[in-house]
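**Q** Residue numbers -30 to -1, 1 to 392, in mature numbering (1 follows the signal peptide of the UniProt record, and there is no 0), belong to the letters of the sequence shown in order. All C-beta atoms, glycine included, are put in the ideal place defined by N, C-alpha and C. On a predicted model such as this, the values are computed, not experimentally measured, just so you know.
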Amino acid sequence: MAGRLHGWSWAVLLQLLLGMNLMVMPLTQARSLRFVTLLYRHGDRSPVKTYPKDPYQEEEWPQGFGQLTKEGMLQHWELGQALRQRYHGFLNTSYHHQEVYVRSTDFDRTLMSAEANLAGLFPPNGMQRFNPNISWQPIPVHTVPVTEDKLLKFPLGPCPRYEQLQNETRQTPEYQNESIRNAQFLDMVANETGLTDLTLETVWNVYDTLFCEQTHGLLLPPWASPQTMQRLSQLKDFSFRFLFGIHEQAEKARLQGGVLLAQIRKNLTLMATTSQLPKLLVYSAHDTTLVALQMALDVYNGEQAPYASCHIFELWEDNGNFSVEMYFRNESKKDPWPLILPGCSLRCPLQDFLHLTESVVPKDWQQECQLASSTADTEVIVALAVCGSILFLLIVLLLTVLFRMQAQPPGYRHIADGEDHA
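1) Within 10 Å of its beta-carbon, does I234 have 16 or more other beta-carbons around it, so buried, or fewer, so exposed?
2) Out of M43, Q219, P128 and E301, point me to the one whose CA is closest to A262's CA.
3) To which residues does DSSP link P319 through a beta bridge?
4) By Cβ distance, which residues of its chain are closer than 7 Å to E85, with the 5 residues on each side in sequence left out?
5) Helix, strand or coil for S254? Go by DSSP, reduced to three states.
6) Rounded to whole angstroms, what's the CA-CA distance from D334 to M265? Just pull it up for me.
7) Just to confirm, is the Cβ distance from L61 to L88 under 9 Å?
8) Considering only the alpha carbon of each residue, which of C182, S279 and E221 lies closest to T39?
9) In chain order, what residues of the same chain have a beta carbon less than 8 Å from the beta carbon of G96, not counting five sequence neighbours either side?
10) Cα separation between N289 and A(-1)?
11) Straight-line CA distance for Q200 to L180?
12) Look up T185 in the DSSP assignment and say whether it is helix, strand or coil.
13) Do you know how far the Cα of Q154 is from the Cα of V269?
14) Between which residues of its own chain and N175 is the CB-CB distance below 8 Å, once the five residues before and five after are set aside?
15) How would you call K123, buried or exposed, if buried means at least 16 neighbouring beta carbons within 10 angstroms?
16) Whole angstroms is fine: what's the gap from F100's alpha carbon to P93's?
17) Can you have a look at V116 and say buried or exposed, based on whether 16 or more other CB atoms are within 10 angstroms of its CB?
18) Can you tell me which of the three DSSP states R79 falls into?
19) Going by C-alpha distance, which of E148, A194 and S315 is nearest E162?
20) Which whole-angstrom value is the C-beta distance of V229 and P332, which I expect to be below 8 Å?
21) Between the Cα of Y26 and those of G59, R140, Q184 and F77, spot the shortest distance and give me the residue it belongs to.
22) Using 10 angstroms around the beta-carbon of Q274, count the other beta-carbons present and answer buried if the total reaches 16, otherwise exposed.
23) Give me the Cα-Cα distance between L324 and G313, rounded to the nearest whole angstrom.
24) Three-state secondary structure (DSSP) at P143?
25) Take the Cβ of T7 as the centre, count every other Cβ of all protein chains shown within 10 Å, and call the residue buried at 16 or more, exposed below.
26) Can you round the beta-carbon distance between S254 and T80 to whole angstroms, since I take them to be within the 8 Å contact cut?
27) Please report the residue range of the alpha helix (DSSP H) in which H46 lies.
28) Return the chain-ordered ranges of every alpha helix (DSSP H) run that is complete within the region 225 to 271 and spans a minimum of 4 residues.
29) Which residues in the same chain have their Cβ closer than 7 Å to the Cβ of A232, if we skip the five residues on either side of it in sequence?
30) Can you find the residues in the same chain that come closer than 6 Å, C-beta to C-beta, to V252, ignoring five residues on each side of it along the sequence?
31) Could you have a look at H217 and say whether DSSP puts it in helix, strand or coil?
32) Is the CB-CB distance between M296 and L267 below 9 Å?
33) From the DSSP output, read off the bridge partner residues of residue 424.
Spelled out as structure tokens, the structure:
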């Protein structure tokens, strides 16, 4: 009996010690998603422009050039639905304005894409349903005029240094060889389209028009064979690399995609310290926006971003440690592809992410574009001109007064004074 009591007392003591240890040991927090940033391209659209010999002109398209189509609306509604599933448990089941902020470029197709996306992401629930027959609710999409957009509309400008880099790019062996190799092909396309100023940098417009027409079931002209379309597609991809790569890619990034990356970095840092932003930040923009950003991150796959493709940034927290994960959704039937920042892993520690992207973020965009110095010089010149003009007028006025005083007759002032006192 004594042995049993002795064993029981040891068991009780062991349980008490374990209980005390559990109370002292910190609870392990589960890894949690803290913040998401999305950048997506608009959905399917009509051509932005056409060419002189095109049998299909603007009246062929229900809403004219550059407009979102019904297919494009559906693409973004489906993307919104996919995002709803991906972030189930992270986002509220109903729309809350504190949780999401959407910014778009000031184009019909990007604004409408954002609205279609939000319709799929936040269908109204319960009290949010203002009409039982309409499964939709208005959600704000913010924008700024195109001329003021220095975040999402690329290439950014005016930027003299960027234009200088583009001129240097035109002199590189890669650009020169591409020009020589495609000279006859460009002549053929120019002759068939009626375009007189076709270059490596503008031929993408022809491909874009033909691609849109083909996508919507319009019959292409005989010269636009599958081989021709493939070559035009390759030249379109080359035009993206011309804009943001080939020559001095890191510096081009600081003047272009690095501007958007700087804002994304700032938001990630802010959410890791203060949580003062919405949980979901969305940018609705263009293929050039995606390419500019991905070239800055050095994760671009070399191909045009499809309609409704989406670059995802996720900020995760694990026991006080933050990491950034990136994904790219460029196929609607597959999960987003993981994107790995060179020099890091998929779960890239936030500080490593910031360090690895530091070199492609501008310190002072205006100064690096060589805008600040020219602006300051202009202000100095204007100020000197104004001061010089004022000084000149003062001298003229002084000389005029002196001349009149010397020209007065000797008795004039005496007579005048007498009249004044009369």
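**A** Well, looking at it:
1) In the sequence shown, counting from the first residue as 1, residue 234 sits at position 264. I234 comes out buried.
2) Taking the first residue of the sequence shown as position 1, residue 262 is located at position 292. Considering only alpha carbons, the answer is Q219.
3) Within the sequence shown, residue 319 is the residue found at index 349, counting from 1. Note: P319 sits in a beta bridge opposite S293.
4) As a first step, residue 85 is located in the sequence shown; it is residue number 115 there, counting from the start. Cβ neighbours of E85 within its own chain (closer than 7 Å, five residues either side excluded): V111.
5) Here residue 254 is taken as the residue at index 284 of the sequence shown, counted from 1. When secondary structure is reduced to three states using DSSP, S254 falls in the strand class.
6) Position 364 of the sequence shown, counting from 1, holds the residue named residue 334. Position 295 of the sequence shown, counting from 1, holds the residue named residue 265. A direct Cα-Cα distance of roughly 20 Å separates D334 from M265.
7) Counted from its first residue, the sequence shown places residue 61 at position 91. Counted from its first residue, the sequence shown places residue 88 at position 118. No. Outside cutoff.
8) Counting from one through the sequence shown, the residue named residue 39 turns up at place 69. Looking at the Cα atoms, C182 is the closest of the given residues.
9) For the purposes of this step, residue 96 is taken as the residue at position 126 of the sequence shown. Apart from sequence neighbours up to five positions away, the residues of its chain that approach G96 with a beta-carbon distance below 8 Å are S64, ordered along the chain.
10) By one-based count along the sequence shown, residue 289 stands at place 319. By one-based count along the sequence shown, residue -1 stands at place 30. Distance between the alpha carbons of N289 and A(-1): 7 Å.
11) Against the sequence shown, residue 200 aligns to sequence position 230. Against the sequence shown, residue 180 aligns to sequence position 210. Spanning the two alpha carbons is a distance of roughly 11 Å.
12) Walking along the sequence shown from the start, residue 185 turns up at place 215. Helix, per DSSP.
13) By one-based count along the sequence shown, residue 269 stands at place 299. By one-based count along the sequence shown, residue 154 stands at place 184. So the two alpha carbons sit approximately 33 Å from each other.
14) Residue numbering aside, residue 175 sits at position 205 when the sequence shown is read from its first letter. The answer, listed in chain order, is V18, K19 and Y21.
15) Start at 1 with the first residue of the sequence shown, and residue 123 comes out as number 153. Taking a 10 Å sphere around the C-beta of K123, we find 16 or more other C-beta atoms and assign the residue as buried.
16) One-based indexing of the sequence shown puts residue 100 at position 130. One-based indexing of the sequence shown puts residue 93 at position 123. Rounded to whole angstroms, F100 to P93 spans 12 Å at the Cα level.
17) Along the sequence shown, one-based indexing puts residue 116 at 146. Looking at its Cβ environment, which holds fewer than 16 other Cβ atoms inside 10 Å, V116 is exposed.
18) Translated into positions along the sequence shown, residue 79 becomes position 109. Helix at R79.
19) By 1-based counting over the sequence shown, the position of residue 162 is 192. Closest by alpha carbon: A194.
20) The count along the sequence shown starts at 1 and reaches residue 229 at position 259. The count along the sequence shown starts at 1 and reaches residue 332 at position 362. Sure, about 6 Å apart at Cβ, within 8 Å.
21) Within the sequence shown, residue 26 is the residue found at index 56, counting from 1. Put simply, of G59, R140, Q184 and F77 the residue whose alpha carbon is nearest the alpha carbon of Y26 is Q184.
22) In the sequence shown, the residue the question calls residue 274 occupies position 304. Classification for Q274: buried.
23) Within the sequence shown, numbered from 1, the residue matching residue 324 stands at position 354. Within the sequence shown, numbered from 1, the residue matching residue 313 stands at position 343. Answer to the nearest angstrom: the Cα atoms are 12 Å apart.
24) Here residue 143 is taken as the residue at index 173 of the sequence shown, counted from 1. In this structure, P143 counts as helix in the three-state DSSP scheme.
25) Taking the first residue of the sequence shown as position 1, residue 7 is located at position 37. Buried, since its Cβ has 16 or more Cβ neighbours within 10 Å.
26) By 1-based counting over the sequence shown, the position of residue 254 is 284. By 1-based counting over the sequence shown, the position of residue 80 is 110. Their Cβ separation, rounded to whole angstroms, is 5 Å, which keeps S254 and T80 in contact under 8 Å.
27) Locating residue 46 in the sequence shown gives position 76, counting from the first residue. For H46, the enclosing alpha helix (DSSP H) starts and ends at K40 to R56.
28) Listed in chain order, the complete alpha helix (DSSP H) runs (minimum 4 residues) inside the region 225 to 271 are 227 to 243 and 257 to 267.
29) What you label residue 232 is simply residue 262 of the sequence shown in a count that begins at 1. Contacts found: V331 and P332.
30) Here residue 252 is taken as the residue at index 282 of the sequence shown, counted from 1. Cβ within range, chain order: L8 and V72.
31) By 1-based counting over the sequence shown, the position of residue 217 is 247. Three-state result, H217: coil.
32) Translated into the one-based positions of the sequence shown, residue 296 becomes position 326. Translated into the one-based positions of the sequence shown, residue 267 becomes position 297. Yes, they are a contact pair.
33) Past the boundaries of the shown model lies residue 424; the chain is included only from -30 to 392, so the question cannot be answered.
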